[in-house]
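S.K.: Numbering (our numbering), first residue to last: 28 to 705.
C-beta: ideal position from N, C-alpha, C; glycine also.
Below is one structure. I have some questions about it.
Structural data, given as structure tokens:
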């Protein structure tokens, strides 16, 4: 992967301008918020990070950190350096009832760490008896818990070693234990070994990423290569996780060249799309799926050959790509390993400058977000990919921009005459903008004689470019110097909440726009998804609470399976004598629009009933994914309904219930939610 150069203020500079030392000055920048995380750019920063967590009563809960450099712990002798785990935890597992803890004690990291596409490597962990007991957890983190998230991080060349006799440890290269609702996503480990030839101890659980999982912990979009379990006495081990001890855990879309992990008795979890080669030897306790015992290795029924795994199984393609650069000996890589990564506002600005000065306009390159970005209401006038639709001059963006389920917010797009403007000005050729949301966007035209094509995300989608699985919320268009006819005036020719204009053979698919404020006096052609659609362009599987798009009646452009709520303004109506029409299907009520998730297709999900992210309107699955219930639907393992969200998923998506079993697992309080799908 490559990092976009940024204009970060260093810790030394901060120290010189701040009158009082604060926490952020102890790192390479940042204030610890989601929009402005603490920046870790050195081993010294990492040590301060550990010290902060180990002294913090909340163990980092609600705070954010981001790596800006790779961290290499190699010591002065050229060997792996010793690393002390962050936090200290003892699992104290109750072997008679693995869903319960037997006085677990200690601390766990509860914050958010974004590796930002970087690697931590060349270290050893010494597993010893903890002050809490003999079931210690060891790794880069002893344990992660609460609502902790660790993402976009690579771990390489790690040794886990016994440091005392007669202990029973849970060890993983990234974390010894995962508890509560902790998550690991978009991470990998390589060359992790468990050594036990130093002391007579016992590994209870060892894993390439995590030693053990409890509670509702989750791992998804991860892989492990070259994991080596210990040669002595051991219990459970796997390339991703050693032992799984709760039926509420979830592991999805992961692979390993050894094994995934072992589920203990009664620990049926939410496991989907887990792969290891069919040549893998499954030692005791054997394969879980076929053996019919309550303990065993988890994985899909289908185990691919090595060549099939290297070709990337279809169910992994959303997060993984083929190893084009041969960095994994042919095994799939996470997409961020092949991309130019953008994790801060400065890096986004640097990426825009790089693309706009590139002779190829980004063609052949992939840019990927690793975090949400708050532009703090700054004016955005550079536009990624520039194009003047009057002179047909400019350099539209021609690469791939993958938001990777992130959001860019709070910016003001400044108008320019006959320009296509937005976060992206214009995209063309086979460019793709995907998996990104934008919100709180102002389109500003405040000089005389300006007409422009404007969108909250993209000004113009040209050529065969695509915008897929994106959204725009809270977009306004403000023409402050609008003049009456006969005098100098300015305005917006084509204005859309998401896209200004889609033309040629451009495509907008699986998108939505909400809360648009577009003034018809100042915007000639307007729509929630696009202001105007022309040529042979297409809009598919989209919705808006305004209206979809305007087009000429004679155009070949099409709008399919797309829905709107608003009433189109005069004079752009659907009458027989009108030259222009609003495309799409109008629905009769807000409630009808909110019920459309199943109609819109697999890219959409219902909004959460109990923790809504979109006021009850359909969401893209990357915003909130609750499409699958736990269980198998059999009499012995029924689909499980634990929450109001589960109940709504059951009502919405499980149409064919014949022969399937469902079980209500808890009391459910819907808290006054509107129940719209019987």
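Fully enclosed by the region 288-330, which alpha helix (DSSP H) runs are 4 residues long or longer?
M.R.: Runs of the alpha helix (DSSP H) inside the region 288-330: 315-318.
S.K.: Any contact of the region 357-376 with the region 133-140, i.e. 3+ C-beta pairs under 8 Å?
M.R.: Touching, no.
S.K.: In the structure shown, what three-state DSSP assignment does residue 446 receive?
M.R.: As a first step, residue 446 must be located in the chain shown, where it is residue number 419. Reduced to three states, the DSSP call for residue 446 is strand.
S.K.: What is the DSSP secondary structure of residue 552, counted as helix, strand or coil?
M.R.: Locating residue 552 in the chain shown gives position 525, counting from the first residue. Here residue 552 sits in strand by DSSP.
S.K.: Any idea what DSSP makes of residue 407, helix, strand or coil?
M.R.: As a position in the chain shown, residue 407 is number 380, starting the count at 1. Residue 407 falls in the strand class under three-state DSSP.
S.K.: Specify the secondary structure class of residue 531 as computed by DSSP and reduced to three states.
M.R.: Position 504 of the chain shown, counting from 1, holds the residue named residue 531. Three-state DSSP puts residue 531 in coil, outside helix and strand.
S.K.: Taking the DSSP output, what are the residues bridged to residue 436?
M.R.: Locating residue 436 in the chain shown gives position 409, counting from the first residue. Paired residue(s): 401 and 466.
S.K.: Can you tell me which residues form a DSSP beta bridge with residue 504?
M.R.: Along the chain shown, one-based indexing puts residue 504 at 477. Answer is 470, bridged to residue 504.
S.K.: So what does residue 145 bridge to, in DSSP terms?
M.R.: For the purposes of this step, residue 145 is taken as the residue at position 118 of the chain shown. In DSSP, residue 145 forms a bridge with 180.
S.K.: My assumption, with CB atoms under 8 Å, is that residue 449 sits in contact with residue 527. Please give the rounded CB distance.
M.R.: Position 422 of the chain shown, counting from 1, holds the residue named residue 449. Position 500 of the chain shown, counting from 1, holds the residue named residue 527. With a Cβ gap of about 7 Å, residue 449 and residue 527 count as contacting.
S.K.: With distances taken between CB atoms, is the gap from residue 487 to residue 523 smaller than 7 Å?
M.R.: For this step, residue 487 is matched to residue 460 along the chain shown. For this step, residue 523 is matched to residue 496 along the chain shown. Cβ atoms of residue 487 and residue 523: not closer than 7 Å.
S.K.: Any idea if residue 284 is buried or exposed, counting beta-carbon neighbours within 10 angstroms, 16 or more meaning buried?
M.R.: Reading the chain shown from its first residue, position 257 is the one you call residue 284. Per the 10 Å Cβ criterion, buried.
S.K.: Please name the residue in 553, 580 and 584 whose C-alpha comes closest to that of residue 566.
M.R.: Stepping through the chain shown from its first residue, residue 566 is reached at position 539. Considering only alpha carbons, the answer is 584.
S.K.: Per DSSP, what kind of secondary structure is residue 100 in: helix, strand or coil?
M.R.: Mapped onto the chain shown, residue 100 falls at position 73. In the structure shown, residue 100 sits in coil (DSSP, three-state: anything other than H, G, I, E or B).
S.K.: Do you know how far the Cα of residue 693 is from the Cα of residue 457?
M.R.: Within the chain shown, numbered from 1, the residue matching residue 457 stands at position 430. Within the chain shown, numbered from 1, the residue matching residue 693 stands at position 666. The alpha-carbon atoms of residue 457 and residue 693 are separated by roughly 49 Å.
S.K.: Tell me, which residues are paired with residue 202 by DSSP?
M.R.: Here residue 202 corresponds to residue number 175 of the chain shown, with the count starting at 1. The partner list for residue 202 (beta bridge, DSSP) reads 168 and 237.
S.K.: For the alpha helix (DSSP H) that contains residue 382, what are its first and last residues?
M.R.: In the chain shown, the residue the question calls residue 382 occupies position 355. Residue 382 -> alpha helix (DSSP H) spans 372-383.
S.K.: For the region 384-404 and the region 436-448, state whether three or more C-beta atom pairs, one from each stretch, are separated by less than 8 Å.
M.R.: With the cut-off at 8 Å, the region 384-404 and the region 436-448 touch.
S.K.: CA-CA distance, residue 684 and residue 280?
M.R.: The residue you call residue 684 lines up with position 657 of the chain shown. The residue you call residue 280 lines up with position 253 of the chain shown. For residue 684 and residue 280, the distance between alpha carbons rounds to 26 Å.
S.K.: Where residue 706 and residue 395 are concerned, what is the direct C-alpha to C-alpha distance, given to the nearest angstrom?
M.R.: With the chain running from 28 to 705 in the structure shown, residue 706 is simply not present.
S.K.: Pick out whichever of 272, 688, 188 and 263 has its Cα sitting closest to the Cα of residue 205.
M.R.: The residue given as residue 205 occupies position 178 in the chain shown. Looking at the Cα atoms, 272 is the closest of the given residues.
S.K.: Pairing CB atoms from the region 343-354 with CB atoms from the region 375-383, are three or more of them under 8 Å?
M.R.: The region 343-354 is not in contact with the region 375-383.
S.K.: What residue range is occupied by the uninterrupted beta strand (DSSP E) comprising residue 587?
M.R.: Within the chain shown, numbered from 1, the residue matching residue 587 stands at position 560. Note, residue 587: beta strand (DSSP E), 585-587.
S.K.: I need the DSSP call for residue 339, collapsed to helix, strand or coil.
M.R.: Residue 339 sits at position 312 when you count from the first residue of the chain shown. Looking at residue 339 - three-state DSSP - the assignment turns out to be coil, as it is neither helix nor strand.
S.K.: In the DSSP assignment, what residue or residues form a beta bridge with residue 429?
M.R.: Against the chain shown, residue 429 aligns to sequence position 402. In DSSP, residue 429 forms a bridge with 395 and 461.
S.K.: Roughly how far, in whole angstroms, is the beta-carbon of residue 445 from the beta-carbon of residue 409, given that I think they are within contact range, below 8 Å?
M.R.: Here residue 445 refers to the residue found at position 418 of the chain shown. Here residue 409 refers to the residue found at position 382 of the chain shown. Wrong, their Cβ atoms sit about 17 Å apart, outside the cutoff.
S.K.: Pull the bridge partners of residue 571 from the DSSP assignment, please.
M.R.: Position 544 of the chain shown, counting from 1, holds the residue named residue 571. DSSP output for residue 571 lists 540 and 591 as bridge partner(s).
S.K.: For the alpha helix (DSSP H) containing residue 687, name the first residue and the last one.
M.R.: In the chain shown, the residue the question calls residue 687 occupies position 660. Per DSSP, residue 687 belongs to no alpha helix (DSSP H) and is neither H nor E.
S.K.: Once DSSP output is grouped into helix, strand and coil, what is the label at residue 694?
M.R.: Here residue 694 is taken as the residue at index 667 of the chain shown, counted from 1. Correct three-state label for residue 694: coil.
S.K.: Tell me which residue opens and which closes the beta strand (DSSP E) that residue 667 is part of.
M.R.: Within the chain shown, numbered from 1, the residue matching residue 667 stands at position 640. Start and end: 666-668.
S.K.: Check for me: the alpha helix (DSSP H) holding residue 627 runs from which residue to which?
M.R.: Position 600 of the chain shown, counting from 1, holds the residue named residue 627. 624-627 is the span of the alpha helix (DSSP H), which, as asked, contains residue 627.
S.K.: Quick one: what's residue 252 bridged to in DSSP?
M.R.: One-based indexing of the chain shown puts residue 252 at position 225. Answer by DSSP bridge pairing, in chain order: 217.
S.K.: Rounded C-beta distance between residue 165 and residue 187? I'm assuming under 8 Å.
M.R.: Counting from one through the chain shown, the residue named residue 165 turns up at place 138. Counting from one through the chain shown, the residue named residue 187 turns up at place 160. Contact flag correct, Cβ pair sits at about 7 Å.
S.K.: Between which two residues does the beta strand (DSSP E) containing residue 17 stretch?
M.R.: In the structure as shown, the chain begins at 28 and stops at 705. Residue 17 is therefore absent and cannot be evaluated.
S.K.: Checking the sheet assignment: what are the DSSP bridge partners for residue 366?
M.R.: To locate residue 366, count along the chain shown from 1; it is residue 339. None; residue 366 has no bridge partner.
S.K.: Using the beta-carbon count (16 or more within 10 Å), is residue 329 buried or exposed?
M.R.: Counting from 1 along the chain shown, the entry for residue 329 is found at position 302. Residue 329 comes out exposed.
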